[in-house]
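Asks: For reference, the structure I am asking about is given below.
Number of protein chains: 2
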Amino acid sequence: MGVTGDFLRGRGRDTLSAEEVSVLEQAIDRVDTLPPRSVVTRRGDRVRESTLLVEGAMCRYLDARDGYRQLLAYHVPGDFVDMHGYTLRRLDHDVATIVESRVARIAHDRVDAIMRDHPRLAWLLWRSTLLDAAMHREWIFRLGRLDAAGRLAHFLCEVAARMRAIGRVSDDVFALPLTQQDIGEACGLTSVHVNRTLRRLREEGIADVGRGEARIGDAKQLARIGEFDADYLYLDDGPWADTDR
Amino acid sequence: MGVTGDFLRGRGRDTLSAEEVSVLEQAIDRVDTLPPRSVVTRRGDRVRESTLLVEGAMCRYLDARDGYRQLLAYHVPGDFVDMHGYTLRRLDHDVATIVESRVARIAHDRVDAIMRDHPRLAWLLWRSTLLDAAMHREWIFRLGRLDAAGRLAHFLCEVAARMRAIGRVSDDVFALPLTQQDIGEACGLTSVHVNRTLRRLREEGIADVGRGEARIGDAKQLARIGEFDADYLYLDDGPWADTDR
DNA sequence: CGGAGCGTTGAAAGCCCTCAACGTTTGTGG
DNA sequence: CCACAAACGTTGAGGGCTTTCAACGCTCCG
Chain A
5 MGVTGDFLRG
15 RGRDTLSAEE
25 VSVLEQAIDR
35 VDTLPPRSVV
45 TRRGDRVRES
55 TLLVEGAMCR
65 YLDARDGYRQ
75 LLAYHVPGDF
85 VDMHGYTLRR
95 LDHDVATIVE
105 SRVARIAHDR
115 VDAIMRDHPR
125 LAWLLWRSTL
135 LDAAMHREWI
145 FRLGRLDAAG
155 RLAHFLCEVA
165 ARMRAIGRVS
175 DDVFALPLTQ
185 QDIGEACGLT
195 SVHVNRTLRR
205 LREEGIADVG
215 RGEARIGDAK
225 QLARIGEFDA
235 DYLYLDDGPW
245 ADTDR
Chain B
5 MGVTGDFLRG
15 RGRDTLSAEE
25 VSVLEQAIDR
35 VDTLPPRSVV
45 TRRGDRVRES
55 TLLVEGAMCR
65 YLDARDGYRQ
75 LLAYHVPGDF
85 VDMHGYTLRR
95 LDHDVATIVE
105 SRVARIAHDR
115 VDAIMRDHPR
125 LAWLLWRSTL
135 LDAAMHREWI
145 FRLGRLDAAG
155 RLAHFLCEVA
165 ARMRAIGRVS
175 DDVFALPLTQ
185 QDIGEACGLT
195 SVHVNRTLRR
205 LREEGIADVG
215 RGEARIGDAK
225 QLARIGEFDA
235 DYLYLDDGPW
245 ADTDR
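If you read the sequences in order, they're chains A and B.
For the first sequence, this note's numbering begins at 5 and goes up steadily by one.
For the second sequence, this note's numbering begins at 5 and goes up steadily by one.
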């Protein structure tokens, strides 16, 4: 299988036909390896290709005046990190890697052709941007309504669910190559408070985060604390799960 | 002019050709008038038509365990409040009116036809969902990085810019039919603290919010406090502002 | 005219931040 | 392979922003 193997797996399974996989694979101009902690796209940049994360971890963020970032999204393999740039043409935020990452590039010309000739694949690309929006909404909820423990729990639940969907969770452990500073920037907390709160979750056996990975000790408790409901990830239904329209 | 007059005006001007306006108008099944403070769609609902807000004000929100809501979006005339439902098929949040509102309904069958026969209009619909996502991102920033005054300032700047884009601001005054409770639910604050913070903004002559409207006294200061930059609204460029691809 | 919702204000408590110091891990060059 | 530095993680103390609880005035509408 090619580099698109994970595409949309975290976002509704069994969605791509063999032909569609082939079309997507042939649309790829090249595969790049990006160094860790590198900025891929800056706010305001005109983008002419879109980027599928194949392996590694990336994020999107906005800078604040005080020098800290606000993370907007955390990306796992199979995610397009900037498909919205195809339509919006310039990005309103930065995109960066967390660790060394392999990415597949698809020129927007190629996407034009997909839009024209492969309506169902076009639909899937649109759908993937809408799933980003659904996650954005849940991040708004997390920041607006939850306390520190809730925010961390909710974040961990989301990443765990998405990692599970792409087959990267075993024994309730998955890679989470984020520093406490990063996690703080995702959850609107200082790294100090992230540290204290993660300690509490660890001491209570609910989750253990550190050394580049996370272990979920009590998924039920974690979901309760984070008021987490995976509905918004639309993992249960492929885009044509029910075809009655 | 029909009921689609404001569509996308707040989201890049001069975007619709006469033919496209006509197609959109003819896709409308009916126009409903919805009472104030009514829930239009509930989380999980299967949606079979999309809703264009013609007149009034609406919002989208998620409920928290404590009984409070987290607003996810505030909608002004010209916004589709649930175009993402066309692709996702069920909604992951509630949709409600703030005040009595007129909405135009377009069955998803009709959208199918638009997708098939009017690629540029299809593109515009996709674009409008991407602008929602861009606003979501800015809401994440607001909640994650700004203090109470900053959040209110940022929110007011956004609504002011969007109201201006649809010609609904005069003498720096625009309708804002939200209670302090509503504003708190948008900005992750209690209504008590919203009250105190709005008072400060009023006393300093920066903004005056109340009695169903907002008056911007010092837009520059407001933007500074809210770290607001209207780039993300993509108001300056229609979807084909530059056609080099 | 009465009540309900909304807006306003005060006091006290709590959650999280800031500042600071120190321990631990990681990575790099000698 | 070791030594060192830099980044990351950990912990404590104090302070500040926001919440909570409570009370009261105002406005609008039935």
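Just so you know, even glycine gets a beta-carbon here, dropped at the ideal spot from N, CA and C.
Just so it is clear, the structure is predicted and the values come from calculations on it, not from any experiment.
(1) What are the complete alpha helix (DSSP H) segments, minimum 4 residues, inside the region 48-110 of chain A?
(2) Verify the contact flag: residue 153 of chain B, CB atom, against every heavy atom of the ligand MG, threshold strictly below 7 Å.
(3) To which residues of the same chain is residue 234 of chain B closer than 7 Å at the C-beta, ignoring the five residues directly before and after it?
(4) Report, in whole angstroms, the separation of the C-beta atoms of residue 118 of chain B and residue 27 of chain B, which I expect to be a contact under 8 Å.
(5) Report yes if the CB atom of residue 8 of chain A is closer than 8 Å to the CB atom of residue 108 of chain A, and no otherwise.
(6) Just to make sure I have the definition right: I need the residues of chain A whose C-beta is within less than 7 Å of the C-beta of residue 68 of chain B. Which are they?
(7) Are there three or more Cβ pairs, one per stretch, closer than 8 Å when the region 134-143 of chain B is compared with the region 172-189 of chain B?
(8) DSSP puts residue 214 of chain B in a beta bridge; with which residues?
(9) Taking 8 Å as the threshold (beta carbon to beta carbon), is residue 238 of chain B in contact with chain A?
(10) 8 Å is my cut-off, CB to CB: does residue 36 of chain B come that close to chain A?
(11) Where do the ends of the beta strand (DSSP E) carrying residue 37 of chain A lie?
(12) Rank A/31, A/180, A/226 by C-alpha distance to the C-alpha of residue 56 of chain A and give the top, closest one.
(13) Whole angstroms is fine: what's the gap from residue 173 of chain B's alpha carbon to residue 116 of chain B's?
(14) Taking 8 Å as the CB-CB cut-off, is residue 71 of chain A touching chain B?
(15) In chain B, which residues lie with their C-beta within 8 Å of the C-beta of residue 209 of chain A?
(16) So, is the C-beta of residue 223 of chain B closer than 8 Å to a C-beta in chain A?
(17) Using the three-state DSSP reduction, which class does residue 42 of chain A fall into: helix, strand or coil?
(18) Three-state secondary structure (DSSP) at residue 26 of chain B?
(19) Can you look up residue 246 of chain A in the DSSP assignment and give me helix, strand or coil?
(20) Evaluate residue 23 of chain A with the Cβ neighbour count: other Cβ atoms within 10 Å of its Cβ, from every protein chain shown; 16 or more gives buried, anything less gives exposed.
(21) Spatial neighbours of residue 94 of chain A within its chain, please: C-beta separation below 7 Å, excluding the five flanking residues on both sides.
(22) Thinking C-alpha only, which one of B/163, B/136, B/72 is nearest residue 87 of chain B?
(23) Chain B partners of residue 131 of chain A, CB-CB under 8 Å?
(24) Of the residues B/232, B/161, B/64, which one's Cα is nearest the Cα of residue 69 of chain A?
(25) Thinking C-alpha only, which one of A/71, A/46, A/77, A/149 is nearest residue 61 of chain A?
(26) Starting from residue 251 of chain A, find everything on chain B with Cβ-Cβ shorter than 8 Å and list it in chain order.
(27) Using the Cα positions of residue 225 of chain A and residue 206 of chain B, report the straight-line distance between them to the nearest angstrom.
(28) Going along the chain, which residues of the region 165-196 of chain B sit with their C-beta nearer than 7 Å to a C-beta in chain A?
(29) On the DSSP bridge assignment, give the partners of residue 21 of chain A in chain order.
(30) From residue 103 of chain A to residue 75 of chain B, what distance separates their C-alpha atoms?
(31) Do we get a CB-CB distance below 8 Å when we pair residue 57 of chain A with the residues of chain B?
Replies: By the coordinates alone:
(1) Segments of the alpha helix (DSSP H) lying fully in the region 48-110 of chain A: 88-92.
(2) Looking for the ligand MG in the displayed structure turns up nothing, as the structure carries no ligands at all.
(3) Here the question's residue 234 of chain B lines up with position 230 in the second sequence. Excluding residues within five positions, the ones whose Cβ falls inside 7 Å are 165.
(4) Within the second sequence, numbered from 1, the residue matching residue 118 of chain B stands at position 114. Within the second sequence, numbered from 1, the residue matching residue 27 of chain B stands at position 23. Confirmed, Cβ separation roughly 7 Å.
(5) Taking the first residue of the first sequence as 1, we reach residue 8 of chain A at position 4. Taking the first residue of the first sequence as 1, we reach residue 108 of chain A at position 104. Residue 8 of chain A places its beta carbon less than 8 Å from that of residue 108 of chain A.
(6) By one-based count along the second sequence, residue 68 of chain B stands at place 64. What residue 68 of chain B touches in chain A: 149, 231.
(7) Touching, no.
(8) Within the second sequence, residue 214 of chain B is the residue found at index 210, counting from 1. The partner list for residue 214 of chain B (beta bridge, DSSP) reads B/217.
(9) Translated into the one-based positions of the second sequence, residue 238 of chain B becomes position 234. Yes - at least one Cβ of chain A is within 8 Å of the one on residue 238 of chain B.
(10) As a working mapping, residue 36 of chain B is identified with position 32 in the second sequence. By the rule that beta-carbons nearer than 8 Å mark a contact, residue 36 of chain B does not touch chain A.
(11) Start at 1 with the first residue of the first sequence, and residue 37 of chain A comes out as number 33. Looking at the DSSP string, the run of the beta strand (DSSP E) that includes residue 37 of chain A is 32-38.
(12) Residue mapping note: residue 56 of chain A aligns to position 52 of the first sequence, counting from 1. Comparing Cα-Cα distances from residue 56 of chain A to each of A/31, A/180, A/226, the minimum goes to A/31.
(13) Along the second sequence, one-based indexing puts residue 173 of chain B at 169. Along the second sequence, one-based indexing puts residue 116 of chain B at 112. Residue 116 of chain B has its alpha-carbon roughly 35 Å from the corresponding atom of residue 173 of chain B.
(14) Along the first sequence, read from residue 1 onward, the residue named residue 71 of chain A stands at position 67. No, no contact with chain B.
(15) To locate residue 209 of chain A, count along the first sequence from 1; it is residue 205. Result: empty, since nearest Cβ-Cβ is about 22 Å, beyond 8 Å.
(16) As a working note, residue 223 of chain B is residue 219 in the second sequence. No, its Cβ sits nowhere closer than 8 Å to a Cβ of chain A.
(17) If you number the first sequence from 1, residue 42 of chain A lands on position 38. Note: residue 42 of chain A maps to coil in three-state DSSP.
(18) Position 22 of the second sequence holds residue 26 of chain B. Helix.
(19) The residue given as residue 246 of chain A occupies position 242 in the first sequence. Low per-residue confidence applies at residue 246 of chain A: pLDDT is 49, beneath 50, and the placement is therefore not dependable, though the value from the model is reported in the following sentence. The answer is coil: DSSP assigns residue 246 of chain A none of H, G, I, E or B.
(20) Walking along the first sequence from the start, residue 23 of chain A turns up at place 19. Exposed: under 16 other Cβ atoms inside 10 Å.
(21) Against the first sequence, residue 94 of chain A aligns to sequence position 90. Excluding positions up to five away in sequence, the list reads 48, 49, 50, 51.
(22) Residue 87 of chain B sits at position 83 when you count from the first residue of the second sequence. Nearest option by C-alpha distance: B/136.
(23) By 1-based counting over the first sequence, the position of residue 131 of chain A is 127. Near residue 131 of chain A (Cβ distances below 8 Å), the residues of chain B are 91, 92.
(24) Here residue 69 of chain A refers to the residue found at position 65 when the first sequence is read from its first residue. Residue B/232 is the option with its Cα nearest to residue 69 of chain A.
(25) Counted from its first residue, the first sequence places residue 61 of chain A at position 57. Cα-wise, what sits closest to residue 61 of chain A is A/77.
(26) Limits of chain A in this structure are 5 at one end and 249 at the other, which puts residue 251 of chain A out of reach.
(27) The residue you call residue 225 of chain A lines up with position 221 of the first sequence. The residue you call residue 206 of chain B lines up with position 202 of the second sequence. Cα-Cα distance, rounded: 44 Å.
(28) Taking 7 Å as the Cβ-Cβ cut-off against chain A, the residues of the region 165-196 of chain B that qualify are 192.
(29) What you label residue 21 of chain A is simply residue 17 of the first sequence in a count that begins at 1. Answer by DSSP bridge pairing: none, since residue 21 of chain A is not bridged.
(30) Here residue 103 of chain A is taken as the residue at index 99 of the first sequence, counted from 1. Here residue 75 of chain B is taken as the residue at index 71 of the second sequence, counted from 1. Looking at the two C-alpha atoms, the distance is approximately 34 Å.
(31) As a working mapping, residue 57 of chain A is identified with position 53 in the first sequence. Cβ-Cβ to chain B under 8 Å: no for residue 57 of chain A.
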